[in-house]
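**Student:**
Numbering (the working numbering), first residue to last: 7 to 139.
See the structure below:
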């Protein structure tokens, strides 16, 4: 009898993991459609690397748009980055609504990827300001 009581006590001391609540494809699609420049839909769905990439491109494009109008390189990059990001965001929103993109596993963000993505905006801004007369 004692082994059964010991097993019952062991089972009762280990917490049971809460059930995972499925992510809403409608909410993810709307987040991606309206806040996709900041990677909101991807962060919600558990794809942090893609979310950080969209955030970096969006912030870089916005910062380039704040450059003085006399810098044609910054203006061109601003338009290209945000136009490409807008197309990417709309396509992903449609794919989220249709179920083609599903929720991830909320994986941890790898450090080298974060470092690589975090260095993109300063490099682009520095490159653009080099040509500022």
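The beta carbon of each residue, even a glycine, is placed where N, CA and C say it ideally should be.
Nothing here was measured: the structure is a model prediction, and the numbers come from that model.
(1) Is it buried or exposed for residue 84, if we count other Cβ within 10 angstroms and need 16 for buried?
(2) Within 10 Å of its beta-carbon, does residue 66 have 16 or more other beta-carbons around it, so buried, or fewer, so exposed?
(3) According to the Cβ coordinates, are residue 47 and residue 41 closer than 9 Å?
(4) Hey, quick one: how far does the alpha helix (DSSP H) through residue 92 stretch, first residue to last?
(5) Could you check what DSSP says for residue 58 in three-state terms: helix, strand or coil?
(6) Less than 8 Å between the CB atoms is what I'm expecting for residue 96 and residue 49, so what's the real figure, rounded?
(7) Give the secondary structure of residue 66 by DSSP, where H, G and I count as helix, E and B as strand, and everything else as coil.
(8) Just the C-alpha distance for residue 61 and residue 87, rounded to the nearest angstrom, thanks.
**Tutor:** According to the structure shown:
(1) buried
(2) buried
(3) yes
(4) 78-104
(5) helix
(6) Not quite, the Cβ-Cβ distance comes to about 18 Å (not below 8 Å), so this is no contact.
(7) helix
(8) 12 Å
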